[in-house]
């Protein structure tokens, strides 16, 4: 009986209560908006409720595992993850021109989603093990560890997930001590490339011009971002309808379940990638600002956990998980508002999807584990 009580107390202590409160609010808000977005597909509402429940138990289970134990899974998880990405390219399931899924017998999984957690976990472990004396070689090895899964994901092709994995891994490398002097030239080159694309857009977006490094559909996404009106009923349809829905919401919105763009089926993928358009149409600018404030609270709690982490591994991993959440929000809202290409990135805790919610639950579980971890003398002496 005493052991049971001790387990129950330990289970409840695993929660980071401020973070849990924010997530509960997101759950209520997400299910409320989903009820309006599903329309006639009521099965998605019930399915999303199950997804939230599964994500909660995944989060709880991960939160109960101390970071010192989580570290031990970094290498096996990374090796298995890369092996599954290779298997996807060889024997993966193809759907709508993309080969991203793997049949493992009992279910079908998308290994690239797992790499959003596995890659930061591996990099955090690597830099923690070499924290006493970081050299340029260590950063080069870390770059290879990052670029291997990134290149495999891009080949599927899955640009959205690939960019999330790349950015999250980059943040780990930066937090580990990468000099800003090395980043600045890359940033300048990136800005210069964007300006050149804007200047030469008519030539670059002509049908006969081959971008070489991008697939044809990826080229079309960039070109329709620059000029959605060039293909209003095709590649530009998503962007145009998203912007119309957001604009029609005005300051106060049309009211809950009163969005015409939503319920007349003008908004594409309204339960997944474009659910922010549904929210903005019904709750308006003020509702969008409140949603951004809620995400800001989530990120602020993540950064607070990061700075309070008691180990190098915890700081790096918590920072990466928080920045991953930021990238989710930034990329999704950016593509819905027409300032970024449509790349298929869900809005955290709002968009429909089991895999994405479980991944987010796992990330929040890691944050809770790091938040509550107090190293013992033995673990401190061993460097964990």
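In the working numbering, the protein residues as written are 914 to 1297. Each residue gets a CB set at the ideal place from its N, CA and C atoms; glycine is no exception. Being a predicted model, the structure only gives us computed values, none of them experimental.
Exercise. What are the partner residues of residue 999, as DSSP defines its beta bridges?
Worked result: Within the chain shown, numbered from 1, the residue matching residue 999 stands at position 86. DSSP lists no beta-bridge partner residue for residue 999.
When the Cβ atoms of the region 978 to 996 are set against those of the region 1037 to 1045, are three or more pairs found closer than 8 angstroms?
-> Output reads yes: the region 1037 to 1045 touches the region 978 to 996.
- Task: Could you pull out every unbroken beta strand (DSSP E) segment of at least 3 residues lying fully inside the region 1004 to 1058, listed in chain order?
- Result: Here the runs fully enclosed are 1006 to 1008, 1011 to 1016.
What residue from 1222, 925, 1183 has the CA that sits closest to residue 981's CA? Numbered from its first residue, the chain shown carries residue 981 at position 68. Nearest C-alpha to residue 981: 1222.
Worksheet item: From residue 1225 to residue 1171, what distance separates their C-alpha atoms?
Response: For the purposes of this step, residue 1225 is identified with residue 312 of the chain shown, where counting begins at 1. For the purposes of this step, residue 1171 is identified with residue 258 of the chain shown, where counting begins at 1. Here the C-alpha atom of residue 1225 lies approximately 49 angstroms from the C-alpha atom of residue 1171.
Selection from 929, 949, 938, 941 that minimises the alpha carbon distance to residue 1180: One-based indexing of the chain shown puts residue 1180 at position 267. For residue 1180, the nearest C-alpha among the options comes from 949.
How do the region 990 to 998 and the region 1023 to 1038 stand: do at least 3 beta-carbon pairs fall below 8 angstroms, yes or no? Because the criterion of three Cβ pairs below 8 angstroms is met, the region 990 to 998 and the region 1023 to 1038 touch.
Self-check item: Spatial neighbours of residue 1015 in its chain, beta-carbon cut-off 8 angstroms, leaving aside the 5 residues before and after
Solution: The residue given as residue 1015 occupies position 102 in the chain shown. These residues qualify, in order along the chain: 997, 1000, 1001, 1004, 1005, 1006, 1021, 1022, 1023, 1024.
*Using the rule of at least 16 other Cβ atoms within 10 Å of the residue's Cβ for burial, across every protein chain shown, is residue 1058 buried or exposed?*
Indexing the chain shown from 1 puts residue 1058 at position 145. With 16 or more other Cβ atoms inside 10 Å of its own Cβ, residue 1058 counts as buried.
Which same chain residues, not among the five before or five after residue 1082, have their C-beta less than 7 angstroms away from its C-beta? Stepping through the chain shown from its first residue, residue 1082 is reached at position 169. Closer than 7 angstroms at Cβ, skipping near neighbours: 1032, 1033, 1036, 1059.
Whole-angstrom distance between residue 1122 and residue 940, CA atom to CA atom: Counting from one through the chain shown, the residue named residue 940 turns up at place 27. Counting from one through the chain shown, the residue named residue 1122 turns up at place 209. In a straight line, the C-alpha of residue 940 is about 46 angstroms away from that of residue 1122.
- Item | Terminal residues of the alpha helix (DSSP H) in which residue 1175 lies | Taking the chain shown and counting its residues from 1, one reaches residue 1175 at position 262. 1173 to 1176 is the span of the alpha helix (DSSP H), which, as asked, contains residue 1175.
Same chain only: Cβ atoms within 7 angstroms of residue 1067, ignoring 5 sequence neighbours per side: Stepping through the chain shown from its first residue, residue 1067 is reached at position 154. For residue 1067, same chain residues with a beta-carbon under 7 angstroms away, outside a window of 5 residues either side, are 1075 in chain order.
*List the endpoints of the continuous alpha helix (DSSP H) containing residue 1273.*
As a working note, residue 1273 is residue 360 in the chain shown. Run containing residue 1273: 1267 to 1285, per the alpha helix (DSSP H) assignment.
Pick out whichever of 1277, 1174, 1178 has its Cα sitting closest to the Cα of residue 1218.
Within the chain shown, residue 1218 is the residue found at index 305, counting from 1. Cα-wise, what sits closest to residue 1218 is 1277.
- [ ] Kindly indicate which residue of 1281, 952, 973, 1093 has the alpha-carbon position closest to the one of residue 1215.
- [x] If you number the chain shown from 1, residue 1215 lands on position 302. Nearest of 1281, 952, 973, 1093 to residue 1215, Cα basis: 1281.
**Burial state of residue 1193, where buried means 16 or more other Cβ atoms lie within 10 Å** = As a position in the chain shown, residue 1193 is number 280, starting the count at 1. Within 10 angstroms of the beta-carbon of residue 1193 lie 16 or more other beta-carbons, which makes it buried.
Does the count of Cβ pairs from the region 955 to 968 and the region 1202 to 1216 closer than 8 angstroms reach three?
Between the region 955 to 968 and the region 1202 to 1216 there are fewer than three inter-stretch CB-CB distances shorter than 8 angstroms, so the stretches are not counted as touching.
Handout entry: C-beta contact flag for residue 1164 and residue 975 at 8 angstroms
Key = For this step, residue 1164 is matched to residue 251 along the chain shown. For this step, residue 975 is matched to residue 62 along the chain shown. Contact check for residue 1164 against residue 975 fails: the beta carbons are separated by 8 angstroms or more.
- Query: Taking residue 1088 as the reference, which of 1189, 1198, 1231, 1286 has the closest Cα?
  - Reply: Residue mapping note: residue 1088 aligns to position 175 of the chain shown, counting from 1. Among 1189, 1198, 1231, 1286, the Cα nearest to that of residue 1088 is on 1231.
Exercise. Whose C-beta lies closer than 8 angstroms to the C-beta of residue 1220 among residues of the same chain, with five residues either side of it excluded?
Worked result: The sequence position of residue 1220 within the chain shown is 307, counting from 1. Hits under 8 angstroms: 1228.
| request: Would you kindly work out how many angstroms separate the C-alpha atoms of residue 1286 and residue 931, rounded to a whole number? | output: Walking along the chain shown from the start, residue 1286 turns up at place 373. Walking along the chain shown from the start, residue 931 turns up at place 18. One C-alpha to the other measures close to 16 angstroms.
**Contact check, residue 957 vs residue 1184, beta carbons under 8 angstroms** = Here the question's residue 957 lines up with position 44 in the chain shown. Here the question's residue 1184 lines up with position 271 in the chain shown. Contact flag set, yes.
- Is the beta carbon of residue 1298 less than 8 angstroms from the beta carbon of residue 1236? Here the chain comprises residues numbered 914 to 1297, so residue 1298 is not present and cannot be evaluated.
Within 10 Å of its beta-carbon, does residue 1098 have 16 or more other beta-carbons around it, so buried, or fewer, so exposed? Along the chain shown, one-based indexing puts residue 1098 at 185. Exposed.
Please state if the CB of residue 1233 and the CB of residue 1085 are separated by a distance shorter than 8 angstroms.
Position 172 of the chain shown, counted from the start, is the residue given in the question as residue 1085. Position 320 of the chain shown, counted from the start, is the residue given in the question as residue 1233. In this structure, residue 1085 lies near residue 1233, with their beta-carbon atoms less than 8 angstroms apart.
Alpha helix (DSSP H) containing residue 1084: first to last residue?
-> For this step, residue 1084 is matched to residue 171 along the chain shown. From DSSP, the alpha helix (DSSP H) with residue 1084 extends over 1072 to 1088.
Supposed contact pair residue 1242 and residue 1151 - C-beta distance, whole angstroms, cut 8 angstroms: For the purposes of this step, residue 1151 is taken as residue 238 along the chain shown, with counting starting at 1. For the purposes of this step, residue 1242 is taken as residue 329 along the chain shown, with counting starting at 1. That belief does not hold up - the Cβ atoms of residue 1151 and residue 1242 are roughly 18 angstroms apart, past 8 angstroms.
inquiry  = Using 8 angstroms for Cβ pairs, my map puts residue 1061 next to residue 1263. What's the rounded Cβ distance?
reply    = On the chain shown, residue 1061 is found 148 positions in, with the first residue counted as 1. On the chain shown, residue 1263 is found 350 positions in, with the first residue counted as 1. The C-beta separation of residue 1061 from residue 1263 comes to about 32 angstroms, leaving the pair out of contact by the 8 angstroms criterion.
**Simplified DSSP assignment, three categories, for residue 1152** = Numbered from 1 along the chain shown, position 239 holds the residue referred to as residue 1152. Taken through DSSP and simplified to helix, strand or coil, residue 1152 comes out as helix.
Keeping to the same chain, check which residues put their C-beta closer than 7 angstroms to that of residue 1261; ignore five residues upstream and five downstream. Working through the chain shown from its first residue, we reach residue 1261 at position 348. Within the same chain, Cβ atoms closer than 7 angstroms to the Cβ of residue 1261 are found at 1238, 1241, 1242, 1273, the five residues on either side in sequence being excluded.
Compute the beta-carbon to beta-carbon distance between residue 1052 and residue 1091, rounded to the nearest angstrom, for a pair I have assumed lies under 8 angstroms. As a working mapping, residue 1052 is identified with position 139 in the chain shown. As a working mapping, residue 1091 is identified with position 178 in the chain shown. The Cβ separation is near 6 angstroms, so the contact holds.
Nearest-angstrom Cα separation, counted from residue 1207 out to residue 1245: Start at 1 with the first residue of the chain shown, and residue 1245 comes out as number 332. Start at 1 with the first residue of the chain shown, and residue 1207 comes out as number 294. Distance between residue 1245 and residue 1207, taken at the CA atoms: about 16 angstroms.
Check your understanding: At which residues does the alpha helix (DSSP H) containing residue 982 begin and terminate?
Key -> Numbered from its first residue, the chain shown carries residue 982 at position 69. 980 to 983 is the extent of the alpha helix (DSSP H) around residue 982.
Is residue 1270 buried or exposed, if buried means 16 or more other CB atoms sit within 10 Å of its CB?
Mapped onto the chain shown, residue 1270 falls at position 357. Residue 1270 should be labelled buried.
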